[in-house]
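Engineer: Let me begin by handing over the structure; questions about it come next.
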Amino acid sequence: MSLGFSVSGRIGKPVAEVFDAVVNPKKLSGYFTTIGGASAPLVAGSGVVWWGKVPVEVDEVVKDSRIVLRWDATDTDGKPAYKTRIEMNFEPLDDGGTFVTIAESGWQEGAVGLKKSYLNCEGWSQMLACMKAY
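As structure tokens, this is what we get:
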């Protein structure tokens, strides 16, 4: 069994605008990957770099609906050990806003996986909070 989590929140903007704020590197760098930026748009089958040093594999992009990414989970020494999977879903709301859910899974059980998953859960929660203000 692997560890995982899900965070979600309502963003008071249309789904197309919220989705673009994630796939567009200039916009993403304006509120989330602020140090080092995002190297390229999120396109299925491609790889990008966030924060100037973190490789991100883009598995799936469904416009205004879903993004699936993979990246390295690190061991206690900070070295890549295995991949986790990030799934972002964007749901248009009747009031014109967007409900965003971000789930990350694949963390190995144990103290290291638990700690690292909590850190990433905090990071994705911060991303949602930043999106509200962006």
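Counting with the numbering used here, you get residues 73 to 206 for the letters of the sequence shown.
We put the beta carbon where it would ideally sit given N, CA and C, even for glycine.
Note that the structure is a prediction, hence the values are computed from the model and not measured.
1) My output table needs one value for M73: the three-state DSSP class, helix, strand or coil.
2) In terms of residues, what are the limits of the beta strand (DSSP E) holding S177?
3) Decide yes or no for the touch test of the segment 161-173 against the segment 77-89: beta carbon pairs closer than 8 Å, at least 3 of them.
4) Taking DSSP as the reference, what is the three-state secondary structure of P127?
5) So, is I139 buried or exposed, given that buried needs 16 or more other C-beta atoms within 10 angstroms?
6) Candidates V128, V79, P152 and A116: which alpha carbon is nearest Q180's?
7) Rounded to the nearest angstrom, what separates R142 and L114 at their Cα positions?
8) What is the rounded straight-line gap between the Cα of E132 and the Cα of A116?
9) What is the DSSP secondary structure of V115, reduced to helix, strand or coil?
10) Could you name each continuous alpha helix (DSSP H) segment of 4 residues or more that falls completely within the segment 75-110, going from the start of the chain to the end?
11) Is the Cβ-Cβ distance between F77 and E163 less than 8 Å?
Structural biologist: On the basis of the data shown:
1) In the structure shown, M73 sits in coil (DSSP, three-state: anything other than H, G, I, E or B).
2) Its beta strand (DSSP E) spans residues T170 to W179.
3) Segments in contact, yes.
4) In this structure, P127 counts as strand in the three-state DSSP scheme.
5) Buried, because 16 or more other Cβ atoms sit within 10 Å of the Cβ of I139.
6) Cα-wise, what sits closest to Q180 is P152.
7) Cα to Cα, R142 sits roughly 12 Å from L114.
8) In this structure, the CA atom of E132 is about 5 Å from the CA atom of A116.
9) Reduced to three states, the DSSP call for V115 is coil.
10) Entirely contained in the segment 75-110, the alpha helix (DSSP H) runs reaching 4 residues are, in chain order, 87-95 and 97-103.
11) Contact flag unset, no.
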